[in-house]
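Chemist:
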Amino acid sequence: MARSPKNSTSSPSGFEEAPQSSFEGAPLSGSVADWVKQLEAEAEASSVETQREIASKAGKHRKKIEIEARKEAQKAPPKTAKNTTASKTARGVSIGASSDPKTRAAAGLNPVAGMDVSLEDAANLAPGAVTATVDALSKLIESGNPLFKDGKLWTPHRPARPPKSEGGVAIRMASDYQPAGDQPTAIND
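So the sequence shown is residues 272 to 460, counted in our numbering.
1. Alpha carbon to alpha carbon, how far is E343 from S369?
2. Grouping DSSP H, G and I as helix and E and B as strand, with all else coil, what is K435?
3. Might you give, ordered along the chain, the residues of its own chain that have their beta carbon closer than 8 Å to the beta carbon of T360, omitting 5 neighbours on each side?
4. For V319, is the classification buried or exposed, using 16 other Cβ atoms within 10 angstroms of its Cβ as the cut-off for buried?
5. Whose C-alpha, out of P434, P417, P433, is nearest the C-alpha of P427?
6. Go through its chain and collect everything with a Cβ distance to S389's Cβ below 8 Å, but skip five positions before and after it.
7. When DSSP labels each residue in this structure, what does V440 get in the three-state scheme?
8. P372 and A403 look like a contact to me (Cβ under 8 Å); what is the Cβ gap, rounded to whole Å?
9. Using DSSP bridges, identify the partner residues of V319.
10. With a threshold of 7 Å on Cβ separation, who are the neighbours of E324 within its own chain once the five nearest residues in sequence on each side are excluded?
11. Would you kindly report the start and end of the unbroken alpha helix (DSSP H) that includes D392?
12. What span of residues does the alpha helix (DSSP H) with R466 cover, start to end?
13. By how many angstroms is the C-alpha of H332 removed from the C-alpha of V307?
14. Kindly indicate which three-state DSSP category L424 falls into: helix, strand or coil?
15. The alpha helix (DSSP H) with N459 in it runs from where to where?
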């Protein structure tokens with residue numbers, strides 16, 4: 272025999288469900304189509320107001336962020352290559368090191384990364400130039416295109432390929448199957 276639930280008048284404790292709020296529906300007057308049109312109009316009006324409110328808040332927020340960013344930019348000193356601090360990775364690769372030739376030479380490095388030049392020669396180089404590319408291009412201009420040596424295109428040495436054949440034996444497929452429909456066209460293609 273099943274027990275009837277206990278009727279308790281105490282307030283819910285813990286994670287119990289909150290009591291349902293009361294609801295009273297408005298009586299429907301007119302046709303259902305009129306009622307749907309009325310709901311659509313109300314929803315559209317509320318969405319326009321919501322969009323205005325969201326846009327207003329976003330505009331204010333954007334303005335606040337811009338003002339804070341300007342203040343932070345004025346407070347922070349400009350970061351240049353001369354006053355950056357270098358750190359090394361676990362494998363010993365320098366990260367964030369200065370690109371200034373004098374600073375690099377003082378640290379015991381080559382004045383220009385990737386090139387063996389003196390400090391005086393590094394001062395004559397254009398700042399920020401891609402020196403490896405310039406070096407490779409100058410070598411290419413001096414020696415010419417390496418693919419065209421002696422006026423002919425360079426190809427790797429390998430023997431000529433033999434002509435393709437089946438060894439003189441004709442291949443003929445023997446089958447009881449007779450192609451039909453689109454298959455003969457596909458086989459011929």
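Even glycine gets a Cβ: it sits at the ideal position worked out from N, Cα and C. Since we're looking at a predicted model, the values are computed, not measured.
Modeler: Short version:
1. 24 Å
2. The answer is coil: DSSP assigns K435 none of H, G, I, E or B.
3. I366
4. exposed
5. P417
6. P382
7. Here V440 sits in coil by DSSP.
8. Not really, about 16 Å apart at Cβ, beyond 8 Å.
9. Paired residues: none, contrary to the question.
10. Cβ within range, chain order: n/a, list empty.
11. 390–395
12. Since the first residue of the chain shown is 272 and the last is 460, residue 466 is not available in this structure.
13. 37 Å
14. strand
15. If you look at N459, you'll find it in the alpha helix (DSSP H) that goes 454–459.
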